[in-house]
Each structure stands twice: as structure tokens, then as C-alpha cells.
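S.K.:
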Amino acid sequence: MTFYYRPTVTEAFASVQYIMTEANFGWLIRSVHRWSASMMVLMMILHVFRVYLTAV
Numbered sequence: 273m274t275f276y277y278r279p280t281v282t283e284a285f286a287s288v289q290y291i292m293t294e295a296n297f298g299w300l301i302r303s304v305h306r307w308s309a310s311m312m313v314l315m316m317i318l319h320v321f322r323v324y325l326t327a328v
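Residue numbers (my numbering): 273 to 328.
(1) Buried or exposed: Ile317, going by 16 or more other Cβ atoms within 10 Å of its Cβ?
(2) Would you report the Cα separation of Thr326 and Thr280, rounded to the nearest angstrom?
(3) Considering Met292, what are the terminal residues of the alpha helix (DSSP H) in which it resides?
(4) What number of angstroms, rounded off, separates the C-alpha of Ser287 from the C-alpha of Leu314?
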């Protein structure tokens, strides 16, 4: 993704579209990145609840 993404206001959306449609396995890398970020937030919330419920 680093090679294809352009972090400018005018090119960001087009570069993400290119990654999703044209780059080899770009859709997979982006999907794994998205799901792992969501799972990390979920795990943090579960950890907070566990610590809250089991703390002395």
C-alpha cells in the first residue's frame, strides 16, 4: 500500500480506488487492515471490562 497510496487532498481517493481495484491483492491488504483495527478496538473494550470486573 505504501507504494500506491498518495496522501494528498486531490489524489487520496483515487489512489485508494486504484489499490482496491488494480493493485495485486490490494483489496485483501486493505480489508485485513480494516478488520484488524476493528478487532483491536473490540479487544481493548473487552480488556477494560475484564479488568473492571476482576480488579480487587
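Backbone N, C-alpha and C define an ideal beta-carbon position, used for all residues, glycine too.
M.R.: Let me lay it out:
(1) Exposed: under 16 other Cβ atoms inside 10 Å.
(2) When rounded, the separation of the alpha-carbon atoms in Thr326 and Thr280 is 46 Å.
(3) Unbroken alpha helix (DSSP H) run through Met292: Ala284 to Thr293.
(4) Each residue's CA atom was taken as its position, placing Ser287 and Leu314 some 29 Å apart.
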